[in-house]
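Inspection log for the structure reproduced underneath, given as structure tokens.
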Amino acid sequence: MEYRLQKFLAEAGVASRRKAEELILSGQVKVNGKTVTELGTKVNPERDKVYFKDELIKIKKKKIYLLLNKPAGYISAAKDQFDNPSVLHLVENIKERLFPVGRLDKDTTGALLLTNDGDFSYHLTHPKHEVSKTYLAEVVGRPTDEEMRLFMKGVYIDGKKTYPAKIRIVKEIKKNSIVEIVIHEGRNRQVKKMCEEIGHKVVSLQRVAIGNLTIDGLKEGSWRHLTPKEVERLMR
Ligand code: URA
Numbered sequence: 019m020e021y022r023l024q025k026f027l028a029e030a031g032v033a034s035r036r037k038a039e040e041l042i043l044s045g046q047v048k049v050n051g052k053t054v055t056e057l058g059t060k061v062n063p064e065r066d067k068v069y070f071k072d073e074l075i076k077i078k079k080k081k082i083y084l085l086l087n088k089p090a091g092y093i094s095a096a097k098d099q100f101d102n103p104s105v106l107h108l109v110e111n112i113k114e115r116l117f118p119v120g121r122l123d124k125d126t127t128g129a130l131l132l133t134n135d136g137d138f139s140y141h142l143t144h145p146k147h148e149v150s151k152t153y154l155a156e157v158v159g160r161p162t163d164e165e166m167r168l169f170m171k172g173v174y175i176d177g178k179k180t181y182p183a184k185i186r187i188v189k190e191i192k193k194n195s196i197v198e199i200v201i202h203e204g205r206n207r208q209v210k211k212m213c214e215e216i217g218h219k220v221v222s223l224q225r226v227a228i229g230n231l232t233i234d235g236l237k238e239g240s241w242r243h244l245t246p247k248e249v250e251r252l253m254r
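Converting from the sequence shown to this note's numbering requires adding 18 to each position, the first position being numbered 1.
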């Protein structure tokens, strides 16, 4: 994103925009080592280095944290080769460049965090930090106690054992079951693979919570900002 130089200085908190114009005109501002006295010179914070009185000036990036209730049919990546719609299309009125924290499969619905804060994303996707993710899955058949015990202890998927997890049956629908699953990792198609390992294919999958952040009250396809407290709690 490009800024007019005076706006850049104002956004960075150097001075008001009016005052910043005076600073530029009086030759106190440099861009990439050269004094610039022309108002309206365009600068790109990712490319240009702006100095005031020879001190490097930076704009603090506004950090954005959104919780989206992802509908089915949307991909978590910005793009794929099939031109599927991206979850980023659902938050078009936010101008910051966001990315999803972890991934949900195209057919999975529910809680997905979007942010522009790399540290936040790293923290949440690291299994060491143990942020729990809660899913409701409809699976074929009725998992037995023994199968669920195996699931909780950890099963091998892609040659690596999963961390301890939780599973319980919450509802029975004819021959299928709705199970609630809690895991702390975010491996590729993890829930589906874990369920398959114990012999119960997933028919549909919804992530209902990340930590204690639930999608309650959030319609499919809509999103909301996290409160500072919610961000802090997830980072703890
Ligand atoms: N596990 C899966 O298998 N799919 C998802 O989308 C999320 C977790």
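Glycine is no exception: its CB is placed at the ideal position from the N, C-alpha and C atoms.
Just so it is clear, the structure is predicted and the values come from calculations on it, not from any experiment.
State the Cα-Cα distance for the pair residue i and residue j, rounded to the nearest angstrom.
i	j	result
I175	I185	17 Å
E165	G172	11 Å
K80	G217	46 Å
F169	C213	8 Å
K78	E110	22 Å
K211	D234	26 Å
According to the Cβ coordinates, are residue i and residue j closer than 9 Å?
i	j	result
E148	S195	no
G239	N50	no
T232	I199	no
S161	I201	Note on identity: in this sequence residue 161 is Pro, with Ser being the wrong assignment. The answer is no: Cβ separation not under 9 Å.
M253	H107	no
K76	E20	no
L27	V54	no
L154	Q224	yes
G204	G120	yes
A38	K48	no
Along the chain, where does the alpha helix (DSSP H) containing residue i start, and where does it finish?
i	result
H218	Taken as a continuous stretch (DSSP letters only), H218 belongs to no alpha helix (DSSP H), as it is neither H nor E.
S139	G136 to T143
I42	R35 to L43
Around the Cβ of residue i, are there at least 16 other Cβ atoms within 10 angstroms (buried) or fewer (exposed)?
i	result
S94	buried
F138	buried
Y181	exposed
A96	exposed
F100	exposed
I191	exposed
Looking at the unbroken beta strand (DSSP E) that takes in residue i, where does it start and where does it end?
i	result
F169	No beta strand (DSSP E) contains F169, which is instead part of the alpha helix (DSSP H) from D163 to K171.
E73	E73 to I75
K78	Run containing K78: none; DSSP gives neither H nor E here.
Do the segment 105–122 and the segment 130–137 make contact, defined as three or more Cβ pairs closer than 8 Å? yes
Three or more C-beta pairs below 8 Å linking the segment 84–101 and the segment 123–130: yes
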